[in-house]
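Protein chains in written order, with our numbering: chain A, 2 to 117; chain B, 17 to 125. Don't be surprised by glycine CBs; every beta carbon is placed ideally from N, CA and C.
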């Protein structure tokens, strides 16, 4: 089966610092990766869609300068939360798609970010 | 605007009960509908549906899609406490997955 590895699973950082979250597809090439944010007891909110080698497409209301997404290869996408603030504390999940028309999204394990 | 709506938002049942979760959608470019189960961390895949009227089944779980009426249902029979989770429905439009708000299912002994 397809495996997506997300790292770290949990991170605590100080206000004003930056945090990088990695999302790797381990056994397939992910032409498209998605980054979601999830608040407690709520569904997944799509933040951005990234295609390998091109700029990410951000959803309305998501600050591209604050949430930097890089999809440099077919197996790796990164999300960097810059100048983190306590309100950025959340659960961030990535998913990857093989890019075929009818395919499922494979999810990483998620990252619990706490900004203190 | 593309959207996916799930109902009910939450459900509490007793072990052994049968539950039906609903997912309706309005998207401009439907490719497939997917069901996921989310416990504490990332969602785990349950079913992918592309054709109307064909039931997919896995143990006590089953799902079916109606592309004319634009909805899907997920059935769980003989529920167990381990079925307690949030069940997410998502629609693949080819370049994006739209998620519903999820149904939180609690199964009490």
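Distance cut-off 6 Å: residue i Cβ against heavy atoms of the ligand HEM
i, result
"residue 4/A", "In terms of ligand content, the structure shown is empty, and the ligand HEM therefore cannot be addressed."
7 Å Cβ cutoff met for residue i and residue j
i, j, result
"residue 107/B", "residue 49/B", "yes"
"residue 23/B", "residue 38/B", "yes"
"residue 77/A", "residue 70/A", "no"
"residue 16/A", "residue 86/A", "yes"
"residue 94/B", "residue 76/B", "yes"
"residue 89/B", "residue 99/B", "no"
"residue 20/B", "residue 105/B", "yes"
"residue 33/B", "residue 114/B", "no"
Reference residue i, options the options, closest by Cα
i, options, result
"residue 24/A", "32/A, 6/A and 62/A", "6/A"
"residue 58/B", "68/A, 67/A and 10/A", "10/A"
"residue 112/B", "45/A, 62/A, 8/A and 64/A", "45/A"
"residue 52/B", "125/B, 71/B, 117/B and 124/B", "117/B"
"residue 106/A", "60/B, 26/B, 71/B and 30/B", "60/B"
"residue 38/A", "30/A, 62/A, 72/A and 28/A", "62/A"
"residue 119/B", "30/B, 31/B and 35/B", "35/B"
Anticipated Cβ contact below 8 Å, residue i with residue j, distance rounded
i, j, result
"residue 35/A", "residue 95/A", "7 Å"
"residue 32/A", "residue 52/A", "6 Å"
"residue 57/A", "residue 26/A", "About 16 Å; that fails the 8 Å criterion."
Residue burial classification, residue i (beta-carbon count within 10 angstroms, cutoff 16)
i, result
"residue 43/A", "exposed"
"residue 96/B", "exposed"
"residue 66/A", "exposed"
"residue 121/B", "buried"
"residue 111/A", "buried"
"residue 55/A", "exposed"
"residue 73/A", "exposed"
Inter-residue Cα distance where the pair is residue i and residue j
i, j, result
"residue 73/B", "residue 79/B", "7 Å"
"residue 43/B", "residue 85/B", "12 Å"
"residue 114/A", "residue 75/A", "25 Å"
"residue 22/A", "residue 40/B", "33 Å"
"residue 99/A", "residue 55/B", "24 Å"
"residue 60/A", "residue 48/A", "5 Å"
"residue 68/B", "residue 13/A", "46 Å"
"residue 7/B", "residue 25/B", "This structure does not reach residue 7/B, given that chain B is present from 17 up to 125, and the question cannot be answered."
"residue 65/B", "residue 117/A", "42 Å"
"residue 109/B", "residue 125/B", "39 Å"
"residue 108/A", "residue 97/A", "7 Å"
"residue 90/A", "residue 50/A", "21 Å"
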